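The sequence shown maps to residues 5 to 384 in our numbering. Here is the structure we will look at.
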Amino acid sequence: MSSLSPKQAAAIATHVYTARDMVAPDVLQLSADGMGLNGVFDFKTAQLATGTSGAIARKTTGFTYGAEGMGTRQGEVVLAFRGTDILQDWLTDGNCGVQQGPSAWLVHAGFNETFKSFREDLDRYMRGRKPSIIHCVGHSLGGALATLAADHLSQAGVGGVKLYTFGSPRVGVAGFARNLTSKLGVENIHRVYHLADPVSMVPIFPFAHAPDDGPVCQLPWGSSFSFDAHKMANYRQSIGDASWTGLRRVQQTSLERDVQAWLKNANGSVLMLSATSLQMISKAMQYLLGKALGVAAGTVVTVGMTVLDQIAGLLVSGANACKALGDSLHSLIVQIFRFLGRPLPSAANLTVAFLRWVLELLSTTVINLARRAIDVGMRL
5 MSSLSPKQAA AIATHVYTAR DMVAPDVLQL SADGMGLNGV FDFKTAQLAT
55 GTSGAIARKT TGFTYGAEGM GTRQGEVVLA FRGTDILQDW LTDGNCGVQQ
105 GPSAWLVHAG FNETFKSFRE DLDRYMRGRK PSIIHCVGHS LGGALATLAA
155 DHLSQAGVGG VKLYTFGSPR VGVAGFARNL TSKLGVENIH RVYHLADPVS
205 MVPIFPFAHA PDDGPVCQLP WGSSFSFDAH KMANYRQSIG DASWTGLRRV
255 QQTSLERDVQ AWLKNANGSV LMLSATSLQM ISKAMQYLLG KALGVAAGTV
305 VTVGMTVLDQ IAGLLVSGAN ACKALGDSLH SLIVQIFRFL GRPLPSAANL
355 TVAFLRWVLE LLSTTVINLA RRAIDVGMRL
């Protein structure tokens, strides 16, 4: 199965923003021609779908379109999903509960609610079509929706599914990411992100990106967070004419060794609001959660309880049962306060309430960074 080129996928992720105002197919085709997509997909016969987003102020707008392939892409379908570009959508990004997703794994509740709002339209569009390949493409929130669509369609066995995301947030828990990677195949998941893009860092633990292993397309931007790094125009510029092979970077697989070394030696290297520091904090949290599961009863996330409460409870239980885990958790808390630029409270005891407060400080800080990046990034 032939993937879209990085340049084509990035053009489609940009082009789908024209769907927000439910424009006529002729307008879709004209704007697609201007982005170099002429003769690739038939946008004159494209079908648009609306969806709703926002945890409080629900807003209905065009979220996605489907178009059939032309020429060498005949028999294929592209499903493109737009990102977050209106105020009502911001609330979805911060609405961090969990629900069962298309394949029954736990996913971000806000993303899933938005996906479910147009899932029937998606199924209606696919009914009667038997494409050889379905290309699911999206930027920002659109990347999360494309991920859920890929999970939904692969679960239904509708054609071969390929996923392309740019600056996408994390969608589901680690089990969701592993399951999706196994179903689609690492070679069919093209995750593109700038390390300095804060949107790609949310929601934090225990959510994970797909693919869960193998090469990803981490694009250079610098070690500090940048709101401009989320702009789709800058993703297109970073990609240029590169191939997927040229963009991919091999992910480090020795999680335990990397985290232990970082916790031991990070005192002078953790910088306030540094993208690289947050990346290591996320890895350390993933590592410690895995260790805690081995020594403490319970699960990381279930429906009906807050994510942070469950994580704090599990980690404190693990720390009480294993001194080495407790020492590592204390080191991580120190690094979190360095990242936040705050002094560590004196004489703080490791309780569930204290750890939950620390995790909430971290989560709120990163979500606020992501919201500001969304505000800048949607100015295409």
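Where is the CB? At the ideal position from N, CA and C, for every residue including glycine. Here the structure is a predicted model, which is why all the values come from computation and not from measurement.
Quick one: what's got a C-beta closer than 7 Å to residue i's C-beta in the same chain, skipping five residues either side?
i, result
"P135", "G79, E80, V81 and G163"
"V362", "I337 and I340"
"A279", "L199, A200, S227, S228 and F229"
"M106", "Sequence inspection shows Pro at residue 106; the Met mentioned does not correspond to that position. Cβ neighbours of P106 beyond the five flanking positions: L152, D155, H156 and Q159."
"N116", "Q103, G105 and L152"
"D125", "A53"
Using DSSP with H/G/I as helix, E/B as strand and the rest coil, what is residue i?
i, result
"A212", "strand"
"S286", "helix"
"F231", "helix"
"R182", "helix"
"G330", "helix"
"S121", "helix"
"K268", "helix"
"G250", "helix"
"V274", "coil"
"V320", "helix"
"V206", "coil"
"A351", "coil"
"L373", "helix"
"G164", "strand"
"Y21", "helix"
With distances taken between CB atoms, is the gap from residue i to residue j smaller than 8 Å?
i, j, result
"V177", "W109", "yes"
"L167", "N183", "no"
"V299", "A325", "yes"
"A53", "F119", "no"
"A13", "F45", "no"
"H19", "S35", "yes"
"M140", "A148", "Inspection of the sequence shows that residue 140 is occupied by Cys rather than by Met. Result no, Cβ atoms of C140 and A148 do not sit closer than 8 Å."
"S144", "G189", "no"
"P215", "R195", "yes"
"G322", "L329", "yes"
"A15", "L32", "no"
"Q259", "Q290", "In the sequence under discussion, the amino acid at residue 259 is Leu, which differs from the Gln named in the question. Yes."
"I371", "V206", "yes"
Sort out for me which residues DSSP pairs residue i with in a bridge.
i, result
"T115", "In the sequence under discussion, the amino acid at residue 115 is Phe, which differs from the Thr named in the question. Answer is none; F115 lacks a bridge partner."
"E72", "D46 and V81"
"L145", "DSSP output for L145 lists no bridge partner at all."
"V196", "F170 and C221"
"V102", "H112"
"A389", "Coverage of the chain is limited to positions 5 through 384, which leaves residue 389 absent and any answer about it impossible."
"G132", "According to DSSP, which records beta bridges pairwise, G132 is partnered with nothing at all."
Measure the alpha-carbon distance for residue i versus residue j and round it to whole angstroms.
i, j, result
"I208", "L293", "13 Å"
"N99", "K327", "The predicted position of N99 is uncertain, since its pLDDT is 48 and thus under 50; no value can be drawn from it."
"M276", "R342", "6 Å"
"L344", "G161", "45 Å"
"Y129", "G73", "14 Å"
"S273", "A154", "38 Å"
"K235", "F358", "36 Å"
"Q104", "S9", "32 Å"
"A17", "L319", "39 Å"
"A113", "L354", "29 Å"
"G75", "Q264", "52 Å"
"G132", "L333", "53 Å"
"G38", "A84", "17 Å"
"E364", "Q241", "35 Å"
"D245", "G179", "34 Å"
So, for residue i: in the same chain, excluding its five sequence neighbours on each side, which residues have a beta-carbon less than 6 Å away from its beta-carbon?
i, result
"D97", "Residue placement at D97 is flagged as unreliable, the pLDDT there being 47, under the threshold of 50; a coordinate-derived value is accordingly withheld."
"R252", "P219 and C221"
With a CB to CB cut of under 8 Å and the five nearest residues on each side skipped, what residues in its chain are close to residue i?
i, result
"P347", "F341"
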